[in-house]
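Asker: So the protein lines, in turn, are chains A and B.
With the first letter of the first sequence counted as 1, position 137 gets the number 137 in the working numbering; the numbers rise by one all the way through.
With the first letter of the second sequence counted as 1, position 176 gets the number 741 in the working numbering; the numbers rise by one all the way through.
Input: one structure, supplied below.
2 protein chains.
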Amino acid sequence: MNIWRINTRTQSLTIQPSPETWQHLGGRGLLARILVDEVPATCEPLGAKNKLIFAPGLMVGHRLSSCDRISIGGKSPLTGGVKESNAGGTTGLAITHIGIKALILEDKPDDDEWQIIHLSDAVEFEPAGDLVGLGVFEATPRLLEKYGKHVAIALIGPGGEMELRAAGIQNLDKDRIPSRIAARGGLGALMGSKRIKAIVIDFSGGVKPPITDQTAFRAAQKTYSKSLMGSPQIATYHDYGTAIMVNMTNHFGSLPTCGFSEGQFEGAERIGGENMREILLARGGESNPSHACMPGCTIQCSNVYGGEDGKTLVSPLEYETIGLLGSNLGIDDLDVIARLSWEISDLGLDTIDVGAALGVAAQAGLVDWGDGTRVSELISEIRAGTPLGRILGNGAATTGRVLGVERVPVTKGQAMPAYDPRAIKGTGVTYATSPQGADHTCGLTIRAKIKHTDPEGQADLSRGGQISMAGYDTLGVCIFAGFGFAAVPETIPALLNARYGWDVEETILQELGRETLKLEREFNKSAGFTVADDRLPEWMTREPVAPTNEVFDVSEEDLDNVFNW
Amino acid sequence: MNIWRINTRTQSLTIQPSPETWQHLGGRGLLARILVDEVPATCEPLGAKNKLIFAPGLMVGHRLSSCDRISIGGKSPLTGGVKESNAGGTTGLAITHIGIKALILEDKPDDDEWQIIHLSDAVEFEPAGDLVGLGVFEATPRLLEKYGKHVAIALIGPGGEMELRAAGIQNLDKDRIPSRIAARGGLGALMGSKRIKAIVIDFSGGVKPPITDQTAFRAAQKTYSKSLMGSPQIATYHDYGTAIMVNMTNHFGSLPTCGFSEGQFEGAERIGGENMREILLARGGESNPSHACMPGCTIQCSNVYGGEDGKTLVSPLEYETIGLLGSNLGIDDLDVIARLSWEISDLGLDTIDVGAALGVAAQAGLVDWGDGTRVSELISEIRAGTPLGRILGNGAATTGRVLGVERVPVTKGQAMPAYDPRAIKGTGVTYATSPQGADHTCGLTIRAKIKHTDPEGQADLSRGGQISMAGYDTLGVCIFAGFGFAAVPETIPALLNARYGWDVEETILQELGRETLKLEREFNKSAGFTVADDRLPEWMTREPVAPTNEVFDVSEEDLDNVFNW
């Protein structure tokens, strides 16, 4: 497994062995290591000194259920700090099969000619031609037609081309739909700054990464898979998808509603997972409530959301999207939310940051709560690249700043996912202190059996979650695979030792997590972050959210001690 | 001299004696002290915890030539850090005559009812009524009609009402024209956040502040005035105004031209001070090349710019405005620049930050270089409050972020005045390291007899300038009055000792400057600023500017040592 460096200005490829200090890392941890080693922390994120890095997690490449995630990162154009955003789909798998431990896109071209990078055992740059300006759902079939079906693709939409800071990078799912987005932190803008429309990875001649001890690997895999399939939470996610969270967060008073002004939504049941499953089963056709994003995934938390005619409206329709585009905008119709999700995804934008931005726009009077038609018009402004469109496409923080709205749900400039931190305070600690900015995948605490509104003890809870998640993100393991590993934690070192010939112990998950967080904080410190950035916005400490009527009141001392382990 | 606190929510006034640690300070230094003592550095700048503070300098109140400036400050809505912006006119004088050492506006109202604060020996809140939405040039005559002529006024235009971050606070000049703007850092937005349209200070019953030793004061005043009037630089500023700088900066290759892409402008002579004087003398009527902004000022660097019919187009037309709205936009016609300056000033906006924003908009293709008609249309967008108008009115940094332009001339989010820092590197050090963000009045180095393109020694030069200017800003002394004091520095302690009964020495200017800078940096550190913020934008370290073909190459080590004195 080598390091592939592609210079986007000279269009040249350099293949190098992995430096020793990189070898025990993958995914999020490796990204942080590379950023600390190679990217000047104060550099302009959309300039030549920033790098766009693809690093599969340590477990990626073997179709272990839910363990083939690709981490994508660089200095964030959105937050100005460290950024890792990971996705399912096939990019991780493909990249390991052609022997890449990390793919690093460097420099930027002097001209504005858009390119496709075609990777196999070599690299070719090809003009993007008339793909420029196309949404990801139109561009992808054309790429598949040209490059064949044995490819993975990471691509950007018009949002990334416009270098909008809420732009992500879409990856193909197992059915070759560009639906698995590395959404957060503006990495699509970073890819756009290097004038790369798509990276096509032909892995038809590839092979699985080598395994040192096949027998031990298979044994551990079997134990893990059995544990995963026996998990009751997994059964729920399989049947209902992430949308099952709607009623749970609504119950806790933590479902963002009308611009985070309330924590419960009248229409919650209509947009929840139970109702979605009924709709999809009734509609049939292409509709599917249980769909895998990665080959071999047994969880299948994804879905295909079909319209009344059974034809796909969007795939997938996830909880965060429903929260930010649904309840957050006062919209209680899943069909409407599905169409909005398709539009934003086609632009290659993050539904969380754009959904939050639309909630800010509503506060500024640009759209009424519940008016999906007007929301759709606003998304069209983004596609047209109008000044208003560029405001929204740059995310919630910029939208608030320009439109003069104080009540913006962000930390470190990144929008909050669909858990109001005043009612789930441990997740608020994660939002505040994660080096990534507000991100539920960095340490969601909603499943802990504690009183979520008690400010005490939340910092400890968040710390544990942040360490574990940084570990899982370094392994390339899906957040839900943790339900499997949690019951049989010995399979983590067993899998790593069998694959790499290592001799690591059961603490490896936490060790990797702590190392990753330490590196990320080191990068952020050099970039100019301080404890002043580890805070929720002031209005959330002042304005109670119904029905809990809680403010965010975890002490600053607790926040500042999250990383003192 | 007391501290007056006005709570803008409860509409109540509290008068207190000055705390001991505040007594030796005034102006900029006192603002910094109050911010450190009372304003949480991480607070939302447009929220209830921020305070808007008016503090006259220590020498203010006696019509000493050019020594009656008012410092206005708070946590900056533009930079997020400490902010002091000072202005001439009559506000400083008036405020001392009714016995105020510092006026502190606190809290913010719960409703959106705009108020006028009427100050005399008490405070009255009066509804702003139909003044809301009016430009400062229309609102002021109405205020004068209502409150009489023995008033000073500090007011905001529509820009401040919209809480745009490039909004300043206008003050009346000696002819009661609202032309003396505390422009930088968005203080107009801060005043707008408290829903105050204007502060009217009736000083008809006021008296000069007491003087301990009248004889000594008059003697020192005489020596200082004589020195000032004998200064050759002052004679030049008297005749030509600040516009005399055009040819000087053009000579050094430091005149911002077409979005800081060049340092010399073809049309420099047409927009320079020499040509302006000829035009104004020829036109006559209200035109006046030598106009005082403060009563008693003998420098008279201000002007009244009349049109072909001799009627006022704008007053004043200053160098920074000419640089940012003229050469920076490729406009070489002073009449056009004068009209644009009137429009931006009427909105109560900073011509520097808006001019820089328009240069960014030109790079984004929204206006061609030299097209004053289109620039005027863009300014109308600001007045109309359209999304594009709000982008521009929030200043250059926001405009660059939204429109996707990297080449934005800012530090700490504040636009650079009209000295390209690549050709005048000492001023670049000031831009980079000043706690205020890019600001020429914090330490301009252009008059030093050194090679301005040599990176060596610039940090020392900037340090000296920054200390002196922080001192002068604490005294309430105009930047040009320094030409007078420099030849007779003993008059500074003499004036202070005579007025206050103190016993300070000739080092007092530097002592006050260092104390002020230390306090400002303390506030910024708590607000989350680090050395990463003490940098010029990356593109200025990479892109040479013609004709010197210099980049900004002062070492980071030098930058980080500016405050190690």
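All residues carry an ideal CB built from backbone N, CA and C; glycine is no exception.
Here the structure is a predicted model, which means the values were calculated and not measured.
Candidates ILE70/A, GLY148/A, LEU25/A and ILE211/A: which alpha carbon is nearest ALA566/A's?
Answerer: Examination of residue 566/A is not possible in this model, given that chain A is present from 1 through 565 alone.
Asker: Does DSSP put ASN651/B in a helix, a strand or coil?
Answerer: In this structure, ASN651/B counts as strand in the three-state DSSP scheme.
Asker: Tell me, please, whether the CB atom of VAL402/A is closer than 8 Å to any CB atom in chain B?
Answerer: It does; some Cβ of chain B falls within 8 Å.
Asker: For a contact defined as C-beta to C-beta under 7 Å, what are the partners of GLU538/A on chain B?
Answerer: Within chain B, the residues near GLU538/A are CYS608, GLU609 and GLY612.
Asker: Quick one: what's got a C-beta closer than 6 Å to ARG1028/B's C-beta in the same chain, skipping five residues either side?
Answerer: The answer, listed in chain order, is VAL1127.
Asker: For ASP68/A, which residues of its own chain have a beta-carbon under 6 Å away from its beta-carbon, when the five flanking residues on both sides are left out?
Answerer: VAL60, GLY92, LEU93 and MET294, listed in sequence order.
Asker: Grouping DSSP H, G and I as helix and E and B as strand, with all else coil, what is CYS632/B?
Answerer: Note: CYS632/B maps to coil in three-state DSSP.
Asker: Measure how close the beta-carbons of PRO158/A and GLY348/A come, nearest whole angstrom, since I'm counting them as under 8 Å.
Answerer: Indeed they touch by this definition, with Cβ atoms about 7 Å apart.
Asker: Applying the 10 Å Cβ sphere with the 16-neighbour rule, what's the burial state of TRP342/A?
Answerer: Its Cβ being crowded by 16 or more others within 10 Å, TRP342/A is buried.
Asker: I'd like the list of long-range same chain contacts for ASP778/B, defined as Cβ closer than 6 Å, with 5 residues on each side in sequence excluded.
Answerer: Once the five neighbours on either side are set aside, the close Cβ partners of ASP778/B are ALA1063.
Asker: Would you call THR1072/B buried or exposed, if buried means 16 or more other Cβ atoms sit within 10 Å of its Cβ?
Answerer: THR1072/B comes out exposed.
Asker: Distance check for GLU585/B and LEU576/A, CA to CA, integer angstroms please.
Answerer: The requested residue 576/A is not part of the displayed model; chain A covers only 1 to 565.
Asker: Identify the contact partners of ALA731/B in chain A, using a Cβ-Cβ distance below 7 Å as the criterion.
Answerer: Chain A residues near ALA731/B: none, gap ~12 Å exceeds 7 Å.
Asker: I'd like to know whether the C-beta of THR21/A is nearer than 8 Å to at least one C-beta of chain B.
Answerer: Closer than 8 Å: no.
Asker: Ends of the alpha helix (DSSP H) at TRP565/A?
Answerer: Neither: TRP565/A is in no alpha helix (DSSP H) and is coded neither H nor E.
Asker: State the DSSP-derived secondary structure class of LEU347/A, mapped to helix, strand or coil.
Answerer: Three-state result, LEU347/A: coil.
Asker: Report the three-state DSSP secondary structure of LEU578/B (helix, strand or coil).
Answerer: Strand, per DSSP.
Asker: Which residues share a DSSP beta bridge with ALA356/A?
Answerer: Partner(s): none; ALA356/A has no beta bridge.
Asker: Output needed for GLY400/A: all residues of its chain with C-beta closer than 6 Å, excluding positions within five of it in sequence on either side, in chain order.
Answerer: Cβ neighbours of GLY400/A beyond the five flanking positions: VAL360 and VAL408.
Asker: Buried or exposed: where does ALA282/A fall if 16 or more other Cβ atoms within 10 Å of its Cβ makes it buried?
Answerer: That one is exposed.
Asker: Which residues of chain A have a Cβ atom closer than 8 Å to the Cβ of ALA1097/B, listed in chain order?
Answerer: Those within 8 Å of ALA1097/B in chain A are ALA41, THR42, SER526, ALA527 and GLY528.
Asker: What are the boundary residues of the alpha helix (DSSP H) that includes VAL811/B?
Answerer: Unbroken alpha helix (DSSP H) run through VAL811/B: 810-817.
Asker: Which two residues bound the contiguous beta strand (DSSP E) that contains ILE734/B?
Answerer: Where ILE734/B is concerned, the enclosing beta strand (DSSP E) stretches over 734-736.
Asker: Which chain B residues sit within Cβ distance under 7 Å of LEU388/A?
Answerer: The answer, in chain order, is PRO952.
Asker: Relative to the alpha-carbon of PRO881/B, which residue among GLY895/B, SER892/B and LEU845/B has its alpha-carbon at the smallest distance?
Answerer: Checked all of GLY895/B, SER892/B and LEU845/B; the closest Cα to PRO881/B is LEU845/B.
Asker: With a threshold of 8 Å between beta carbons, is ASN394/A in contact with chain B?
Answerer: Judged by the 8 Å Cβ criterion, ASN394/A is in contact with chain B.
Asker: Under 8 Å, Cβ to Cβ, is there at least one residue of chain B near MET162/A?
Answerer: Chain B, which has a Cβ nearer than 8 Å to the Cβ of MET162/A, makes this yes.
Asker: I need the straight-line Cα distance from ASP309/A to LEU190/A, nearest angstrom please.
Answerer: Answer to the nearest angstrom: the Cα atoms are 38 Å apart.
Asker: In three-state DSSP terms, what is THR661/B?
Answerer: Helix, per DSSP.
Asker: Do THR14/A and ARG195/A have their beta-carbon atoms positioned less than 8 Å apart in this structure?
Answerer: No, they are not a contact pair.
Asker: Can you tell me which of the three DSSP states ASP1025/B falls into?
Answerer: Here ASP1025/B sits in helix by DSSP.
Asker: Is ASN549/A helix, strand or coil when you go by DSSP?
Answerer: Three-state DSSP puts ASN549/A in coil, outside helix and strand.
Asker: What's the gap between the Cα of GLY895/B and the Cα of GLU827/B?
Answerer: Approximately 11 Å, taken between the alpha carbons.
Asker: Just to check my reading of the structure: ASP1038/B and SER636/B have Cβ atoms closer than 8 Å, yes? What is that Cβ distance to the nearest angstrom?
Answerer: Confirmed, Cβ separation roughly 6 Å.
Asker: Kindly indicate which three-state DSSP category SER904/B falls into: helix, strand or coil?
Answerer: Correcting the residue type first, residue 904/B is Arg in the shown sequence and not Ser. Reduced to three states, the DSSP call for ARG904/B is helix.
Asker: Within 8 Å (strictly less), CB to CB, does THR398/A reach chain B?
Answerer: So, interface residue.
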